[in-house]
Amino acid sequence: MARIYAACVEANGNVAFLDERGNKVGASHSPTQGGKAICADFNPSLNLGVVTTERGIVLIWNEFGGCKFSWSDPQSNPIVSARWMGDNLFVQRKNGNATMRRVNGAVLKYLN
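Residue numbers (our numbering): 2 to 113.
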């Protein structure tokens, strides 16, 4: 299997993992909770992907699409994106507030 460097959301809401040339690696993966994917990112050093769904659930996936962690915020102010920043996650909510979090969702720092 080729090494994974990135993740992207396909038009149908599934997630594809990509190699260093942007070629798809393996099959696409569909979120099993929270609806379609709206945001995806991959951390090659941790070999983990992060997926944000349309209902504001954050899923942490291994390179095979298996879910290791999932978490969310109150639906009154759902998460709209989660991206890797080093080994932690930059998470933005609908109202614009942002946090730095660990892979398990624990808040490291409020950024607003």
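By construction, the Cβ of each residue, glycine as well, lies at the ideal position given by its N, Cα and C atoms.
Inset, instruction - Provide the residue span of the beta strand (DSSP E) that contains Tyr111, from first to last. - result: According to the DSSP assignment, Tyr111 belongs to the beta strand (DSSP E) that extends over 108 to 111.
Legend entry - Simplified DSSP assignment, three categories, for Gly50: Here DSSP, grouped into helix, strand and coil, assigns Gly50 to strand.
Inset, instruction - State the Cα-Cα distance for the pair Leu19 and His30, rounded to the nearest angstrom. - result: Roughly 12 Å separates the two Cα atoms.
Legend entry - Environment of Asn48 [buried if 16+ CB atoms lie within 10 Å]: Result: exposed.
Inset, instruction - Would you kindly check if the distance between the Cβ of Gly23 and the Cβ of Thr54 is under 9 Å? - result: In this structure, Thr54 keeps its C-beta atom at 9 Å or more from the C-beta atom of Gly23.
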